[in-house]
Amino acid sequence: MSGPKDFTIDFSPLQLAVFAKQRDEQQAVFAARVQAARQTPRRRPAPRAPVENIVPEQAAVESSPLVEVDSKTSEESTRVATEFIEIRDAVEARRIALVEDTRLTAACADRYAIWSDRCLRIADLPASPEALREAHDTYTEGESLVADALDILEKIERRRHVQQAIIDSFHATGFFTDIVNPGDTTDVTKPVTIVAKKGAEEVTVSLPLGDGAVQSRWAGQTDERCVGSFLDYVAQMGKRGMECRPERRDLADRPILRQAGRKELPRSRSEGG
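Heads up, the sequence shown is in the working numbering, so the first residue is 338 and it goes up one at a time.
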């Protein structure tokens with residue numbers, strides 16, 4: 338038979354609020370790390386001024402008709418140097434805070450490595466308008482990196498929640514489960530694969546990170562036992578705070594997985610059951 342394998346699951350508003358709170362807490366912890374890094378005294382030389390902005394001997398400047406122009410140049414150089422020191426130290430504090438937060442760095446490992454190298458390069462630049470612009474760009478990129486890493490951690494937590502609900506639901510309906518692929522620790526974006534077995538029935542579920550379709554494959558029985566197992570599974574998911582609605586018309590209650598928007602579960606293939 339063509340098994341009832343396509344469904345959506347909605348997280349409850351309460352569970353969505355829990356995810357949002359966890360993200361806010363992680364962001365607050367990171368902000369505290371940044372603040373602590375800013376307040377930790379560190380020996381750091383003042384940025385080198387550009388050679389072309391160094392005023393010659395004071396006596397020569399005072400006798401020069403360009404003294405007003407030189408004065409404005411000096412004021413601008415001082416402003417740039419002061420602003421550069423401030424943004425450079427802000428970048429360094431953010432870098433140190435990320436070094437201390439291994440979960441965030443692991444979530445965006447490749448991107449973080451590139452950004453960290455950029456931070457270290459900025460620390461050695463002489464003060465100049467160009468260096469100041471690069472420092473501002475680096476700071477902005479650091480903010481974006483942290484926001485994206487927090488998003489990934491939230492998605493990981495949602496997937497973990499769905500994964501546990503699926504496993505518990507299978508166990509409650511008499512299936513044995515095995516996590517064939519628990520996810521690559523070096524690449525958290527890779528899907529997690531769960532295999533559930535009960536007698537001749539076997540189900541394979543692939544859980545991606547984020548809102549991509551969850552792939553499942555139900556194989557085995559070719560009679561109403563397949564439908565019964567499936568609907569029992571749907572009922573168990575509901576008990577775990579995830580409303581499931583089947584799509585097939587002849588099954589009033591078929592499932593669909595939404596993650597804070599939605600996570601579709603799945604456009605699946607089925608063999609046998």
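A virtual CB, placed ideally from N, CA and C, is assigned to each residue, including glycine.
To the nearest angstrom, how far is it from the Cα of residue i to the Cα of residue j?
i	j	result
T475	A484	14 angstroms
I459	R425	7 angstroms
Q501	M574	10 angstroms
V529	L544	5 angstroms
L546	H498	12 angstroms
E437	R375	14 angstroms
V525	A572	30 angstroms
D548	E494	13 angstroms
E538	Q552	17 angstroms
Q363	T410	45 angstroms
Q619	L462	A query on residue 619 cannot be resolved here, the shown segment of the chain reaching from 338 to 610 and no further.
P350	Q359	14 angstroms
W555	I451	43 angstroms
A357	D569	30 angstroms
K527	T541	16 angstroms
Which of the three DSSP states is assigned to residue i in this structure?
i	result
V525	coil
F512	coil
A533	strand
L544	strand
R613	Outside the shown range of the chain, which is 338 to 610, sits residue 613, and nothing can be said about it.
S414	helix
R554	strand
Q352	helix
Taking its Cβ as the centre, do 16 or more other Cβ atoms sit within 10 Å of residue i, making it buried, or is it exposed?
i	result
K492	buried
Q372	exposed
R496	buried
V431	Residue 431 is actually Arg in this sequence, not Val. Result: buried.
E354	Inspection of the sequence shows that residue 354 is occupied by Ala rather than by Glu. It is exposed - the Cβ of A354 has fewer than 16 other Cβ atoms within 10 Å.
L487	buried
Between the options, which has its C-alpha nearest residue i's C-alpha?
i	options	result
A472	F421, S411, P350 and K535	F421
R577	E413, I503 and I433	I503
A445	T377, F367 and L490	In the sequence as displayed, the identity of residue 445 is Cys instead of Ala. Per the Cα distances, L490.
R470	E423, A486 and S481	E423
V428	A443, A369 and T477	T477
R448	L482, I433, T377 and R370	L482
R370	I451, A434 and Q363	A434
T642	Q359, V366 and S349	Residue 642 is absent from the model: the chain starts at 338 and stops at 610.
E480	L441, L462 and D461	L441
Does the structure place the segment 417-426 close enough to the segment 452-468 that three or more beta carbon pairs sit under 8 angstroms?
yes
Can you confirm whether the segment 531-538 touches the segment 507-519 when touching is taken to mean that 3 or more C-beta pairs between the two stretches lie within less than 8 angstroms?
yes
Given 8 angstroms, three or more beta-carbon pairs between the segment 449-458 and the segment 501-510:
no
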